[in-house]
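S.K.: Before I ask anything, here is the structure I am working with.
Protein chains: 2
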Amino acid sequence: MRTIRASIIGFGSVGQGVAEVFLQKREELENIGLDLKVVAIADSRGAEINNEGIDLSEIIARKRETGTIASRQITGVEIIRNVEHDLVIETTPTDVETGGVGLENMLAAFGHGRDVVTSNKGPLALKYRELMDVAREAGSGFRFEATVGGAMPILNLAHDTLAGNKIISIEGILNGTCNYILSRMMEEQASYEQMLAESQELGIAETDPTNDVEGSDTACKLVILANSIFGMDVNYNDVDVTGITKITPEALILANDEGYTIKLIGEVKDDLIRASPRLVPIGHPLAVGGTLNVASIQTDLAGTVTITGRGAGSIETASAILSDVVSLYRP
Amino acid sequence: MRTIRASIIGFGSVGQGVAEVFLQKREELENIGLDLKVVAIADSRGAEINNEGIDLSEIIARKRETGTIASRQITGVEIIRNVEHDLVIETTPTDVETGGVGLENMLAAFGHGRDVVTSNKGPLALKYRELMDVAREAGSGFRFEATVGGAMPILNLAHDTLAGNKIISIEGILNGTCNYILSRMMEEQASYEQMLAESQELGIAETDPTNDVEGSDTACKLVILANSIFGMDVNYNDVDVTGITKITPEALILANDEGYTIKLIGEVKDDLIRASPRLVPIGHPLAVGGTLNVASIQTDLAGTVTITGRGAGSIETASAILSDVVSLYRP
């Protein structure tokens, strides 16, 4: 049995999902020879540390009841620097302007030789090459399946499952909020504003939906795909982005009459990285509805392989983090 | 550099595709530390053997020009027994009645401690448990991604990429010929017989289409999924099968008016293994058209993940074989 000592830095929806999943999968992890011990958790107000392993059901209950897990005034980056552990699970919120505390946390983790598994897009969308270089020099593992498409396992699919294939292009729907709004506009023949309001009521869109509907969330994910699968060296500002705010129900009805629907499609190939609304034939693998994410990977041998899944949700994102943890440490 | 000595037993469309792919990917394989040498190839009329490695471009040309590669009268199973090598790539045609020569070849390979990668469904649909037991006792590797869904990597996706997840159910379109016929019946509002004739003209359906249209090809693939992913112990005769021959264009039009299409769906869950025509909502991830295959994997954490790809084709099937070879031997 191999013992992995982990911290969870950031204890919002994704961090709590990770704790729940670790709790639920303790036996399965032990069955494959992994004893995963969470020795520190930080949220924005402080931290809990226990070298013997934190009681995860107690800490989840504490967070829900009191709004924080803080039992002492210590920050995430201080935990990364000072608590002895192997793996930093970085689940702080994405900041695409500066990389935010996530960038500081990842660099600190590599600086102390720790592995990182993350759901935080910001640092990867801004400083991909630098982070990879620092991780490699430190000999640290670094995995980030959860940053693109939540539970839709696109990075591991392209890297491992399609082994032997050259990846020619990737295109897909990488933002569930936009997909929901466009799908509902088509179904209800309603305006963008009406369906944005509906998706905000349902908690699908945030109060400030800019990152989703203007395409910048999609752009971040494209940058991660471009750098990690195509070996490019690009950042968030290199993406050509058009959002969905100007699409009308009339355009959707016209498209439908011709056998098409309109989707916010992100695409990466050669030197093109673009997110924009595009016509997709009904019945095409990319024409999925609701909040689903989808990505089509064009390869030299396997042809085009398309993967569809839930792009968001705390347990779904935690599932991607779990698969990265298993990949890193499975004997 | 690790040298892998391989035979290709069966040199029809898939076997030739494997030779082409090995030729094309020699450098990529060397880059990951694998020197793959094909030391023997058998077709139905004889074999070629070369301990230094067969010239693959010469042998492909010979097959195309003369219809056989036979330079000596020796069968596949004799090669497996007598030629020193590590890996048997078994690509003889599927026989679901008896398992055919494929079953004999696989048992001989394990009996001599060789690994097997195969595209041949028959032996796995009839004798899954026996084959797994013999392979395990021999310490042999045994992989068969190419048996289900061609280039659609469903087995490796369920086993590896979704690591940590419990698989609850799988449902999908596992036969491209049926999907083509149903998609075209809908598009043209034409009869089953008309669209079968069209797909035979295009080479999509075989002259005797029974295995495809009556659902037995789908049934074989369901058995492989049930045994390998769900740990069941079932065979071909345990599947509840209904084909597509009785579907009318009127039924498709009626379904379409209600926002549905009709697909031949295979499903595995708990104690249910069934292939039958079912209504699928338009826009649903399973509602893909043309000859595509698709499978939805329902999991406890990641929710439902759907994979779509080309279910047939010699290079596509060879791609699945290549990914299995890489998985077996990647250092």
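Those protein sequence lines, which keep their order, are chains U and L.
Note that the numbering used here has the first sequence beginning at 1, numbered continuously upward.
Note that the numbering used here has the second sequence beginning at 1001, numbered continuously upward.
Quick reminder that beta carbons are idealized off the backbone N, C-alpha and C, glycines included.
1) Give the residues of chain U in contact with residue 1208 (chain L), contact being defined as C-beta atoms less than 9 Å apart.
2) When the Cα of residue 1287 (chain L) is compared with those of L:1186, L:1322 and L:1112, which residue comes out closest?
3) Note down, in chain order, each residue of its chain lying with its Cβ closer than 8 Å to the Cβ of residue 119 (chain U), except the 5 sequence neighbours on either side.
4) Taking only beta carbons into account, state which residues of the stretch 179-191 of chain U come closer than 7 Å to chain L, listed in chain order.
5) I'd like to confirm the pairing. Which residues does DSSP put opposite residue 6 (chain U) in its beta bridges?
6) Based on Cα-Cα distance, which residue from L:1123, L:1262 and L:1302 lies nearest to residue 1180 (chain L)?
7) Which runs of the alpha helix (DSSP H), 4 residues or longer, sit entirely within the stretch 1124-1197 of chain L?
8) Under 9 Å, Cβ to Cβ, is there at least one residue of chain U near residue 1288 (chain L)?
9) If I follow the unbroken alpha helix (DSSP H) through residue 1066 (chain L), where does it start and stop?
10) If you follow the beta strand (DSSP E) that residue 304 (chain U) is part of, which residue opens it and which one closes it?
11) If the cut-off is 7 Å on Cβ atoms, which residues from the stretch 1149-1175 of chain L count as contacting chain U, listed in chain order?
12) Can you tell me the Cβ-Cβ gap for residue 1176 (chain L) and residue 1291 (chain L), rounded? I've got them flagged as a contact below 8 Å.
13) Rounded to whole angstroms, what's the CA-CA distance from residue 309 (chain U) to residue 295 (chain U)? Just pull it up for me.
14) For chain U, find out if any of its Cβ atoms is closer than 9 Å to the Cβ of residue 1254 (chain L); answer yes or no.
15) Assign residue 1298 (chain L) to one of three DSSP states: helix, strand, or coil.
16) Quick check on DSSP: helix, strand or coil for residue 1082 (chain L)?
17) Pick out whichever of U:34, U:104 and U:16 has its Cα sitting closest to the Cα of residue 329 (chain U).
18) Select from U:244, U:194, U:19 and U:225 the residue whose C-alpha is nearest the C-alpha of residue 213 (chain U).
19) Please report how far the alpha carbon of residue 1154 (chain L) lies from the alpha carbon of residue 1162 (chain L), in whole angstroms.
20) Looking at residue 1165 (chain L) and residue 1300 (chain L), is the spacing between their C-beta atoms short of 9 Å?
21) Strictly below 8 Å CB to CB, what residues from chain L border residue 326 (chain U)?
22) Buried or exposed: which applies to residue 97 (chain U), given that a residue is buried once 16 or more other Cβ atoms fall within 10 Å of its Cβ?
23) Looking only at DSSP bridge pairs, what is residue 1113 (chain L) linked to?
24) Going by Cα to Cα distance, which pick from U:313, U:174 and U:25 is closest to residue 268 (chain U)?
25) Along the stretch 28-42 of chain U, where does the CB come closer than 9 Å to a CB of chain L? Name the residues.
26) Below 7 Å on C-beta distance, what does residue 25 (chain U) contact in chain L?
27) Mind checking which residues open and close the beta strand (DSSP E) that includes residue 96 (chain U)?
28) Is it right to say residue 16 (chain U) is buried, meaning 16 or more other beta carbons lie within 10 angstroms of its own, or is it exposed?
29) Let me make sure I understand the geometry here. Which of L:1024, L:1022, L:1031 and L:1005 has the alpha-carbon closest to that of residue 1331 (chain L)?
30) Taking C-beta to C-beta, are residue 1009 (chain L) and residue 1105 (chain L) nearer than 9 Å?
31) In chain L, what lies closer than 8 Å to residue 316 (chain U) by C-beta?
32) Indicate the three-state DSSP secondary structure (helix, strand or coil) for residue 330 (chain U) in the structure shown.
M.R.: By the coordinates alone:
1) Taking the beta carbon of residue 1208 (chain L) as reference, no residue of chain U falls within 9 Å; the closest one sits roughly 26 Å away.
2) Among L:1186, L:1322 and L:1112, the Cα nearest to that of residue 1287 (chain L) is on L:1186.
3) So the list reads 14, 90, 91, 144, 146, 147, 317, 320 and 321, once near-sequence residues are dropped.
4) Those residues of the stretch 179-191 of chain U placed with their C-beta closer than 7 Å to a C-beta in chain L do not exist.
5) According to DSSP, residue 6 (chain U) bridges with U:38 and U:87.
6) Nearest of L:1123, L:1262 and L:1302 to residue 1180 (chain L), Cα basis: L:1262.
7) Inside the stretch 1124-1197 of chain L, DSSP marks whole alpha helix (DSSP H) runs of 4 or more residues at positions 1176-1188, from first to last along the chain.
8) With 9 Å as the cut-off, residue 1288 (chain L) counts as an interface residue toward chain U.
9) From DSSP, the alpha helix (DSSP H) with residue 1066 (chain L) extends over 1056-1066.
10) From DSSP, the beta strand (DSSP E) with residue 304 (chain U) extends over 304-310.
11) Within the stretch 1149-1175 of chain L, the residues whose Cβ lies closer than 7 Å to some Cβ of chain U are 1151, 1152, 1153, 1156, 1157, 1160, 1161, 1162, 1163, 1164 and 1165, listed in chain order.
12) Rounded, the Cβ-Cβ distance is 4 Å, consistent with contact.
13) Spanning the two alpha carbons is a distance of roughly 9 Å.
14) For residue 1254 (chain L), the answer is no, since every Cβ of chain U falls outside 9 Å of its Cβ.
15) Reduced to three states, the DSSP call for residue 1298 (chain L) is strand.
16) Correct three-state label for residue 1082 (chain L): helix.
17) Sorting U:34, U:104 and U:16 by C-alpha distance to the C-alpha of residue 329 (chain U) places U:34 at the top.
18) Cα-wise, what sits closest to residue 213 (chain U) is U:244.
19) CA-CA distance, residue 1154 (chain L) to residue 1162 (chain L), rounds to 11 Å.
20) Less than 9 Å divides the Cβ of residue 1300 (chain L) from the Cβ of residue 1165 (chain L).
21) What residue 326 (chain U) touches in chain L, judged by beta-carbon distance under 8 Å, is 1163 and 1164, going in chain order.
22) Residue 97 (chain U) comes out exposed.
23) Paired residues: none, contrary to the question.
24) Selected option, being the one with the closest Cα: U:174.
25) Those would be 28, 29 and 32, in chain order.
26) Near residue 25 (chain U) (Cβ distances below 7 Å), the residues of chain L are 1164.
27) Counting along the chain, no beta strand (DSSP E) covers residue 96 (chain U), and no H or E run does either.
28) Residue 16 (chain U) should be labelled buried.
29) Per the Cα distances, L:1031.
30) The answer is yes: Cβ separation under 9 Å.
31) Residues of chain L passing the Cβ test: 1301, 1302 and 1303.
32) In the structure shown, residue 330 (chain U) sits in coil (DSSP, three-state: anything other than H, G, I, E or B).
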